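Engineer: To convert, count from 1 in the sequence shown and add 3; that's this note's numbering.
Have a look at this one.
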Amino acid sequence: MKTAFAYKRTLNSVEFILAVDPAKKTGLALFRLVGEATRLRVELADAGAVNSDKLVPYVNKIGDWLTTYGLNEKNTIIAVETWTFSRNLKTVLGLGRAQQRILDALEIIGLDKAPVYLVNANTWQANILGRNRQTKLHAMHFATMMHPGVALTEDVADAIGIGHYMAGLFIAGRRRQQASRRRK
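Written out as structure tokens, the structure is:
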């Protein structure tokens with residue numbers, strides 16, 4: 004796994020971002036990067052939540068996206084929210100199990116070689132929601148404003164925020180890359 008800033012190697016080949024908010028009910032959001040480097044934008048392709056107690060729903064949901072959108076390890080990156088340390092051991096263990104189920108599902112459906120980026124919760128929330136707006140309510144409001152009509156839960160809203168954060172990194176990286184090519 005990589006941190007969210009080790010993205011140069013995959014900059015040109017990324018077409019999809021699978022954003023994951025591991026929790027008891029895990030939020031998933033699939034984004035498509037559309038357009039040329041100078042006019043690149045992000046579109047929400049699909050979103051949903053799965054029960055993290057079972058592996059099969061992960062395999063079914065991500066497997067459906069794999070066949071519908073043509074995801075593979077070269078055109079897809081996975082952004083998974085990391086958790087901050089908690090005094091509640093039960094919570095930390097539950098989040099660890101949810102994250103492992105995601106990785107197991109990726110291996111089963113053949114996306115285990117796709118780059119997985121760990122995104123710190125405080126980082127994406129500060130960048131997307133603002134420094135003093137790091138709550139589930141703010142994430143729901145952001146997701147509703149950006150994607151009206153999408154059925155949202157708190158976990159899906161968080162996954163949408165994670166996806167927008169990663170898309171912003173990749174879009175900015177592609178634009179910097181294009182600008183440096185023009186200067187040469």
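Ideal placement from N, C-alpha and C gives every residue a C-beta, glycine not left out.
It should be emphasised that the depicted structure is a prediction, and the values quoted were computed from it without experimental measurement.
1) Starting from Ala3, trace the alpha helix (DSSP H) in both directions and tell me its first and last residue.
2) Do Val159 and Ala50 come within 9 Å of each other at the CB atom, strictly closer than that value?
3) Using the Cα positions of Gln123 and Trp86, report the straight-line distance between them to the nearest angstrom.
4) Take Asp67 and list the residues in its own chain whose beta-carbon comes closer than 8 Å to its own, dropping the five residues that flank it on each side.
5) Can you tell me where the beta strand (DSSP E) holding Glu84 begins and where it ends?
6) Does any heavy atom of the ligand ZN sit closer than 8 Å to the C-beta of Arg35?
7) Can you tell me whether DSSP reads Asp56 as helix, strand or coil?
8) Any contact of the stretch 164-174 with the stretch 29-36, i.e. 3+ C-beta pairs under 8 Å?
9) If we count the other Cβ atoms within 10 Å of its Cβ and call it buried at 16 or more, is Val83 buried or exposed?
Structural biologist: On the basis of the supplied data:
1) There is simply no residue 3 to check, as the chain begins at 4 and stops at 187 in what is shown.
2) yes
3) The sequence as given places Asn at residue 123; Gln does not occur at that position. The alpha-carbon atoms of Asn123 and Trp86 are separated by roughly 7 Å.
4) none
5) 79-85
6) Among the components of this structure there are no ligands whatsoever, and the ligand ZN is therefore not found.
7) coil
8) yes
9) buried
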